[in-house]
Each structure stands twice: as C-alpha cells, then as structure tokens.
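Notes follow the structure.
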Amino acid sequence: MNIFRLTGDLSHLLAILILLWKIWKTRSCSGISGRSQILFATVYTARYLDLFTNFVSVYNSVMKIIFIAAAFATLYLIYVKFKATYDRNHDTFRIEFLLAPCALLALILNHEFTILEVLWTFSIYLESVAILPQLFLVSKTGEAETITSHYLFALGSYRALYLLNWIYRYYFEGFFDLIAIVAGIVQTVLYCDFFYLYITRVIKGRALKLPA
Amino acid sequence: EDQTRVKDEL
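Sequences listed follow chains E and F, in order.
First residue of the first sequence? That's 175 in the working numbering, and the numbers climb one at a time after it.
First residue of the second sequence? That's 2 in the working numbering, and the numbers climb one at a time after it.
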C-alpha cells in the first residue's frame, strides 16, 4: 500500500458516499445517470466475486463490501425510492454498446481463461467506460449540479491516482498489470474534458455549465 | 510466478 493507492481508494469511497448523500439529502436523483450506476454495480459485482474465494486483508474485504452495497443502494434510490425524480428522458445512452464489446474483449484479452479471471477482466474494461452514460447525460442537459461535479471529480481522480500507484509499483516492486494500466489510462482520459471544466469553473465557485 | 494473480487492489 502506497500513498497513491490509499488516496485513490479514499477518493473512490468519497465519490460513492457523495453520490449517496446527494440523492438522500436532496431527495432527488436528477442529473444522475441510472445507466452509469447499473454499469458500476455490474463492475463491482463481477470484480469482487473473489470475496468468496480469496482473502487478502480486512481492509480489502471491507472496501469491496462497501462498494457493492453502496452501488446497489444507489440503484435502489434511483429506480425505486426516488424514481419520480429520475431523469429518464435524458439518460438514453445505449449501455449494450458498452457491455457487449467489453464482454467480447474480456473473452479475448485476459490473463487466464477462467470464469473469475474473465469476469475480473470484463469488470476492468467495463469500469473504464462506465461513466460515459453519465457524461452523456451532462452533455445533453448542458450542466451539472455542483455536488454532482464533486462526485465526478472524486470518481475520476481515483483512477488517475491508481495510475500513479502503478508507476510507483512498477519502479519499486516490479509489479505491473497491463490490462489494468491500459484500461486505467482510457478511464482517466475520458474524464480529462470534465477535469478541465471542473478546475476552470467549479473551483472558482461557478456552476458547471458546458460552453454553448 | 505470475504476480497479477494476487489481486490486492480494488
């Protein structure tokens, strides 16, 4: 565990909690893509099946359980409890166009052709693009609430910090996982446009509105 | 020894 990895995990945890808190506090999931949340729930479920087969540490297991529980709690809030506030008319990104290629790629490019390994690989590929429906929703409405942009910033930072963690681990531990690194780069690049807007607008106290 | 099998990352 190095500082990049730890801050990455905390940033990830913070993102998930900000989202739950925002929906709960405002009693509304407006501006949040339920489709991205379906993809994230799929990602955690596919990746953390090793909770049943492999024990790494208490930290590892607790974080995994929190991520899975929070993902399904978020889905419950969006699709059941605060269903009336869900922005379904704007949340129209076709997730099958992400799910199918990721599944296919996981079957072809993986470390080992076993069920758990292919599911892990699928989750890595899917996570890298899972935010697209959310970014699509923001671009469609042309704006995001400030709390939603904090959520996106924390979520995007997490994989960027993991990239630093992988650079660190490569130099100091000789560790590298090409699948995770390439997917992590793709994931981080997808946020770049958003990071720019966040830094130039939200931090200066303005609302995140896309340039017309 | 394949180090990628030890999945300590989240």
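The C-beta atom is built at its ideal place from N, Cα and C for all residues, glycine as well.
Within its chain, find whatever has a CB closer than 6 Å to the CB of residue i; leave out the 5 residues flanking it on each side and keep chain order.
i, result
"Gly-358 of chain E", "Arg-333, Tyr-336 and Leu-337"
"Phe-350 of chain E", "Tyr-344"
"Ser-297 of chain E", "Val-217, Ala-220 and Arg-221"
"Tyr-325 of chain E", "Ala-189, Ile-192 and Leu-193"
"His-264 of chain E", "Leu-311, Lys-314 and Thr-315"
"Pro-307 of chain E", "Ser-207, Arg-209, Ser-210 and Phe-267"
"Tyr-233 of chain E", "none"
Have a look at the options and flag the residue whose alpha-carbon is nearest the alpha-carbon of residue i.
i, options, result
"Lys-1 of chain F", "E:Cys-203, E:Phe-229 and E:Ala-258", "Absent from the structure is residue 1 of chain F, since the part of chain F shown begins at 2 and ends at 11."
"Tyr-222 of chain E", "E:Leu-371, E:Ile-269, E:Pro-307 and E:Leu-290", "E:Leu-290"
"Ser-471 of chain E", "E:Ala-274, E:Ile-269 and E:Glu-286", "What is shown of chain E runs 175 to 386, which leaves residue 471 of chain E out entirely."
"Val-254 of chain E", "E:Ile-197, E:Arg-375 and E:Leu-272", "E:Ile-197"
"Gln-361 of chain E", "E:Asp-367, E:Val-303 and E:His-324", "E:Val-303"
"Glu-10 of chain F", "E:Leu-384, E:Asn-284, E:Leu-371 and E:Ala-354", "E:Ala-354"
"Ala-277 of chain E", "E:Asp-265, E:Glu-301, E:Thr-266 and E:Phe-267", "E:Glu-301"
"Leu-371 of chain E", "E:Asn-263, E:Leu-309 and E:Leu-273", "E:Leu-309"
"Arg-380 of chain E", "E:Tyr-342, E:Ser-207, E:Phe-346 and E:Thr-320", "E:Thr-320"
"Ser-323 of chain E", "E:Arg-262, E:Thr-374, E:Pro-275 and E:His-285", "E:Thr-374"
"Leu-273 of chain E", "E:His-285, E:Phe-287 and E:Thr-295", "E:Thr-295"
"Val-363 of chain E", "E:Ala-386, E:Ile-305, E:Phe-346 and E:Pro-385", "E:Ile-305"
"Leu-283 of chain E", "E:Val-356, E:Tyr-233 and E:Tyr-342", "E:Val-356"
"Met-175 of chain E", "E:Tyr-342, E:Pro-385, E:Thr-227 and E:Leu-213", "E:Tyr-342"
"Ile-212 of chain E", "E:Ala-243, E:Lys-383 and E:Phe-346", "E:Ala-243"
Exposed or buried, which one is residue i when buried takes at least 16 other CB atoms within 10 Å?
i, result
"Tyr-365 of chain E", "buried"
"Ile-239 of chain E", "exposed"
"Glu-2 of chain F", "Only weak support is given to the placement of Glu-2 of chain F: the predicted model assigns it a pLDDT of 43, under 50, and the question is left unresolved by the model."
"Gln-4 of chain F", "Residue placement at Gln-4 of chain F cannot be trusted, given a pLDDT of 46 that sits under 50; the coordinates are not used to answer."
"Leu-251 of chain E", "buried"
"Arg-262 of chain E", "exposed"
"Tyr-299 of chain E", "buried"
"Ile-177 of chain E", "exposed"
"Leu-352 of chain E", "exposed"
Identify, in the order they occur along the chain, each residue of the same chain with its Cβ nearer than 8 Å to the Cβ of residue i, setting aside the five sequence neighbours on each side.
i, result
"Ile-377 of chain E", "none"
"Ser-202 of chain E", "Phe-256 and Thr-259"
"His-186 of chain E", "Phe-241, Ala-328, Leu-329 and Tyr-332"
"Ser-235 of chain E", "Leu-225 and Phe-229"
Return the chain-ordered list of same chain residues with a C-beta closer than 7 Å to the C-beta of residue i, the five sequence neighbours on each side being excluded.
i, result
"Val-312 of chain E", "Ala-318"
"Ala-215 of chain E", "Ala-245, Phe-246 and Leu-249"
"Gly-182 of chain E", "Tyr-332, Leu-335, Tyr-336 and Asn-339"
"Leu-281 of chain E", "Val-292"
"Phe-368 of chain E", "Leu-309, Leu-326 and Gly-330"
Kindly indicate which three-state DSSP category residue i falls into: helix, strand or coil?
i, result
"Leu-11 of chain F", "coil"
"Lys-378 of chain E", "coil"
Whose Cβ in chain C lies nearer than 9 Å to the Cβ of residue i?
i, result
"Lys-238 of chain E", "Reference to chain C is not applicable here, since the protein chains of this structure are E and F."
Curious, which full-length alpha helix (DSSP H) runs of at least 4 residues does the segment 236 to 282 of chain E contain? 270 to 282
List in chain order: all unbroken alpha helix (DSSP H) runs of 4+ residues lying wholly within the segment 189 to 237 of chain E. 208 to 221
What are the start and end residues of each continuous alpha helix (DSSP H) run of 4 or more residues lying completely inside the segment 313 to 364 of chain E, in chain order? Segments of the alpha helix (DSSP H) lying fully in the segment 313 to 364 of chain E: 320 to 347.
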